[in-house]
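*Asks:* Which chain is which? The protein sequence lines are A and B, in order.
The numbering used here puts the first sequence at residues 1 to 484.
The numbering used here puts the second sequence at residues 1001 to 1285.
Even glycine gets a Cβ: it sits at the ideal position worked out from N, Cα and C.
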Amino acid sequence: MRTAVVLLVLLALAAVPGSLLPQRGVATDPAAVAFFVRDHPVVAPWLDRLWLFEVYSAPWFAAIYVLLLISMTGCVLPRCAKLWRDYRADPPAAPKRLHLEQGYAEQPVARADVALAGAERHLRGRGFRVVRTASEVRAERGRVRELGNLGFHLSLLVLLLGVASGRLLGYEGRVAVAEGQSFTNVASSYDALSPAPWADLGDLEPLSFTLEAFTARFETAGARMGEPREFVADLSVTTPDGEATTVVRPNQPLEVEGTKFFLTGHGYAPLVTVRDGTGAIVASGPTIFLPRDADFTSDGVIKAPDAAPEQLALEGLFAPTAAASAGAVTSVFPDTVAPQLQLSAWTGDLGLGDGTPQSVFSLDYDDLAEVTLDGRPWRATLEPGQSVTLPDGLGSVSFDGVSRFANFQVAKDPGKELSLVAAILLLTGLTVSLAVPRRRVWVRRTGPHTVEVAGRSMARREAPESELAALRAALHPPEKELAR
Amino acid sequence: MTDAARLSDSLVASAIAVLALALLAYATAAALVRTRVPVPAGVSGSDRSDPAATTGRVAIALVGLGTALMVAAVLARAVAAGRAPWGNMYEFGLAGAAAVGVVFLVWGRHLPVPAVGVWVTALALLLLGISITLLYTPVDDLVPVLDSLWLVVHVAAAITAGALFTLGAVVVGVELLRRRRGRDTTALARVSHTVHLIAFPVWTFAVIAGAVWAENAWGRYWGWDPKETWAFITWVFYAAYLHALSTPRWRRGAGVLALAGFAAFLFNFFGVNIWLPGLHSYAGV
């Protein structure tokens, strides 16, 4: 038990640094570790060598909980064997020095053998296991306490199994889908995908869905103005079973055969049509802009590699409710009250031809030149429905409207059912082992008209005194019961 | 602001006044117990003529009244918001203070030690004061991610466990101090043991309910978010405490582990929301 205490304290202390330092693979902010490393160039490599950016998968953290589980198993298995023997054995005989036990009393009765019979009947009625010999009654109850204790400890092993199978076989992904766009569940559709070592990405659940509409509602007045109040994503989902429409909200994911799609974020996708110098449409439809702040000032890029005479790209800053000010557009409210799109333009080689993968949210400026007007960088600020002509006959841009996009966190965890079973077993076992007192009770004949009564608690807490009091009362059975 | 919301705020103010009087009464009772002259044998020194006992009874009555006011304030808040009254830090603090009062009235009332009353009342008062000044938020709707049945279950369990931990920590603290002075601590030990035996499964349930909710809202049941991490640390410290109680040679010092668990619990409520960025930071400070 001392080993357990030491290891538990170590485990608690070992978990602390992971909450104070940024962690890899902890969902909150994927870039947190990179920022920390940049800001602390001297300390960070040493912290990294000690696995302090991934505490919960660090060897030293694993060492503590593995040692704890080993010590626990070593402690629990012999107790299982003992419990098995206890279950098959009768309650033990009364100790010789019964007067040292709890609630000891010697009391006169009408007839000792009748009192013993009365005690047996009383204790059986109270759920005790009872053995009556010629001279004494031995009783015990609450063995289920030990069963609960063992169940609790063994459930921790099951929990480890559940966590491990999720970590080895599951996967997590992230995808942003704009209104009107569709998603097909194959690995290449994801914006980010982190599979476990043994996950089979060729075997993703066959399904696709279209984001038909996304509704967001915000607090429009008071101290909490701008705080979100409701998000609803309307989907039409196609699975091998057919097509269906469904609604996804926070706390209400889409689930298809164990693969779950959680609504974790949203933003704006301006609808922009780009025409090149020849008048041909070279880009159109919604483009996802990433939010920068709580009021959804968002930025994004629109690439038109097919534009003539030169490849064309637009860099945009979008505000759903633009503040009336000069300079860079900023938003003051998260909903679309007065949307504005501020654009700058680039021409040249987008760098898409050389096969290097490129983010859809940024430009590779190496071979691009910014479009200028009268020697100054060209800028245009548009409201929905407005269009603007680019200088130098490069083409035109029209801002057709705003649609929203929804961010989905996708997860499949094949170990979670096992973990849930373990958690239920854990809680049940714990409650039983802490709530049920295990105790023994003895009634011994000391003479033809006297018996002695005492009990012993097998837990740290004493058995309720009322129990022995009720037993003593049962030793004086009413006359008619005597006659029976 | 609706009438119910205003009523809730007034009830909180009244509760603070009543609890301050209760604290005063408990402090007086504690002082009287210290200076009490031993009653000479043979004199029928009944309880009624003992000023310490009388003051103690006044104090417990005041705590009862203060708790009733806090419970009423929580209920009024629920009516005003039309939802479970623990959707932000302020409401958590208010409901927590009310729960501490209830738990104390159930288990701590009969302890023959005014020091426990002093500390529990002081902590409830402090929590209420911090809530109404630093954490106060007007009644409002929930952000969508909190709008779930699991909010009711998970947070209610956390509040209950927190109130039990608070009483347990106070009793254990007084127990440790008295034992160092070589005084009898049997009654204190019995209460602290009972309270922790109830608190630990309730806390376990709160953590499991939180995990189920996290699975339903974020797609993973455990992600080492700071709130989850500190809930785990709290759980492990209390597990260590219960194991130390079953280790004969460590039983006397085991209380230190319960205090460490309580410190982790407090840090989880205040520290994590204020200093550590995480998924639980929507709770609003």
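Are the beta-carbon atoms belonging to A/Glu243 and A/Ala411 less than 7 Å from one another?
*Replies:* Against a cut-off of 7 Å, the Cβ pair of A/Ala411 and A/Glu243 comes out as no contact.
*Asks:* My assumption, with CB atoms under 8 Å, is that B/Leu1125 sits in contact with B/Leu1019. Please give the rounded CB distance.
*Replies:* Indeed they touch by this definition, with Cβ atoms about 5 Å apart.
*Asks:* Which word fits A/Trp60, buried or exposed, when buried means at least 16 other C-beta atoms lie within 10 angstroms of its C-beta?
*Replies:* By the neighbour-count rule (16 or more Cβ atoms within 10 Å), A/Trp60 is not buried but exposed.
*Asks:* Here's the rule I'm using: 16 or more other beta-carbon atoms within 10 Å means buried, otherwise exposed. How should B/Val1118 be labelled?
*Replies:* Flag for B/Val1118 reads buried.
*Asks:* Could you pull out every unbroken alpha helix (DSSP H) segment of at least 4 residues lying fully inside the stretch 72–154 of chain A, listed in chain order?
*Replies:* Those alpha helix (DSSP H) runs which fall completely within the stretch 72–154 of chain A and span 4+ residues are 112–125.
*Asks:* Could you tell me the boundaries of the beta strand (DSSP E) in which A/Asn407 lies?
*Replies:* That run of the beta strand (DSSP E) goes 395–412.
*Asks:* Does the stretch 1080–1094 of chain B come within contact of the stretch 1127–1138 of chain B, defined as at least 3 CB pairs closer than 8 Å?
*Replies:* The stretch 1080–1094 of chain B, when compared against the stretch 1127–1138 of chain B, does touch it at the 8 Å Cβ threshold.
*Asks:* Secondary structure at B/Tyr1026, three-state DSSP: helix, strand or coil?
*Replies:* In the structure shown, B/Tyr1026 sits in a helix (DSSP, three-state: H, G or I).
*Asks:* Less than 7 Å between CB atoms is the rule here; does B/Asn1216 satisfy it with respect to chain A?
*Replies:* Interface residue, yes.
*Asks:* Give me the Cβ distance between A/Arg461 and B/His1193, rounded to the nearest whole Å; I'm assuming they're in contact under 8 Å.
*Replies:* Right, the Cβ-Cβ distance comes to about 7 Å (below 8 Å), so this counts as a contact.
*Asks:* Determine the contact status of B/Thr1185 and B/Arg1179, defining contact as a CB-CB distance below 7 Å.
*Replies:* Yes, the pair counts as a contact, with Cβ atoms nearer than the cut-off.
*Asks:* What in chain A is Cβ-close to B/Trp1230, meaning under 7 Å?
*Replies:* Result: Ser19.
*Asks:* Can you list, in chain order, the residues of the stretch 142–174 of chain A whose Cβ is nearer than 8 Å to any Cβ on chain B?
*Replies:* Per Cβ criterion, the list reads Val163, Glu172.
*Asks:* Three or more C-beta pairs closer than 8 Å, one from the stretch 1256–1263 of chain B and one from the stretch 1223–1242 of chain B: is that the case here?
*Replies:* Touching, yes, given that three or more Cβ pairs across the two stretches are closer than 8 Å.
*Asks:* If you check the beta carbons only, do A/Val301 and A/Phe399 fall under 7 Å apart?
*Replies:* Taking 7 Å as the Cβ cut-off, A/Val301 and A/Phe399 do not qualify as a contacting pair.
*Asks:* Between A/Leu11 and the rest of its own chain, which residues show a CB-CB distance below 7 Å, the 5 nearest in sequence each way excluded?
*Replies:* Cβ within range, chain order: Ile64, Tyr65, Leu68.
*Asks:* When you compare only the Cα positions, how much space is there between A/Phe35 and A/Pro45?
*Replies:* Between A/Phe35 and A/Pro45, the C-alpha separation is close to 13 Å.
*Asks:* Taking C-beta to C-beta, are A/Gly455 and A/Gly118 nearer than 7 Å?
*Replies:* Not closer than 7 Å, so no.
*Asks:* Say whether chain B places a C-beta atom closer than 7 Å to the C-beta of A/Arg129.
*Replies:* For A/Arg129, the answer is no, since every Cβ of chain B falls outside 7 Å of its Cβ.
*Asks:* Apart from the five residues just before and just after B/Val1191, which ones in its own chain have a Cβ nearer than 7 Å to its Cβ?
*Replies:* For B/Val1191, where only same-chain residues beyond five positions count, the Cβ hits under 7 Å are Trp1107, Gly1108, Leu1111, Val1171.
*Asks:* In whole angstroms, what separates the C-alpha of A/Glu146 from that of A/Gly166?
*Replies:* Using only the alpha carbons, I get a separation of about 30 Å.
*Asks:* Distance cutoff 7 Å, beta carbons only. Does A/Tyr87 sit that close to anything in chain B?
*Replies:* By this cut-off, A/Tyr87 is not an interface position.
*Asks:* For the candidate residues B/Ala1027, B/Gly1064, B/Val1143, B/Pro1248, whose alpha-carbon lies nearest to that of A/Arg217?
*Replies:* The shortest C-alpha separation from A/Arg217 is found at B/Val1143.
*Asks:* Since A/Phe485 meets chain B, which of its residues come closer than 9 Å, beta carbon to beta carbon?
*Replies:* This structure gives no information on residue 485 of chain A, because the portion of chain A shown stretches from 1 to 484.
*Asks:* Along chain A, in chain order, which residues have C-beta atoms closer than 9 Å to that of B/Pro1201?
*Replies:* Leu427, Leu430, Thr431, Leu434, Ala435, listed in chain order.
*Asks:* Taking DSSP as the reference, what is the three-state secondary structure of B/Thr1055?
*Replies:* Three-state result, B/Thr1055: helix.
*Asks:* Which chain A residues sit within Cβ distance under 7 Å of B/Trp1224?
*Replies:* Those are Gly18, Gln23, Val26, Tyr56, listed as they occur along chain A.
*Asks:* From the DSSP secondary-structure annotation, give me the bridge partner or partners of A/Trp346.
*Replies:* A/Ala313, A/Glu370.
*Asks:* Between A/Ala409 and chain B, is there a C-beta pair that is closer than 7 Å?
*Replies:* Residue 409 of chain A is actually Gln in this sequence, not Ala. Answer yes: the Cβ-Cβ gap between A/Gln409 and chain B drops below 7 Å somewhere.
*Asks:* Going along the chain, which residues of the stretch 1160–1192 of chain B sit with their C-beta nearer than 9 Å to a C-beta in chain A?
*Replies:* If the cut-off is 9 Å between Cβ atoms, the stretch 1160–1192 of chain B has Arg1190 near chain A.
*Asks:* Under the three-state reduction of DSSP, which class applies to A/Pro195: helix, strand or coil?
*Replies:* DSSP places A/Pro195 in strand when its eight states are reduced to three.
*Asks:* Quick one: is A/Val42 buried, meaning 16 or more other Cβ sit within 10 Å of its Cβ, or exposed?
*Replies:* With fewer than 16 other Cβ atoms within 10 Å, it is exposed.
*Asks:* Return the chain-ordered list of same chain residues with a C-beta closer than 6 Å to the C-beta of A/Val158, the five sequence neighbours on each side being excluded.
*Replies:* Ala422.
*Asks:* For A/Glu310, I'd like the list of residues in its chain whose CB is within less than 7 Å of its CB, leaving aside the five on either flank, ordered along the chain.
*Replies:* So the qualifying residues of the chain are Thr347, Gly348.
*Asks:* Should A/Gly258 go down as buried or exposed, given a rule of 16 or more other Cβ atoms within 10 Å for buried?
*Replies:* A/Gly258 is exposed by the Cβ-count criterion.
*Asks:* For B/Leu1094, decide whether its Cβ has a neighbour in chain A, counting only Cβ atoms nearer than 7 Å.
*Replies:* No, because no Cβ of chain A sits closer than 7 Å to the Cβ of B/Leu1094.
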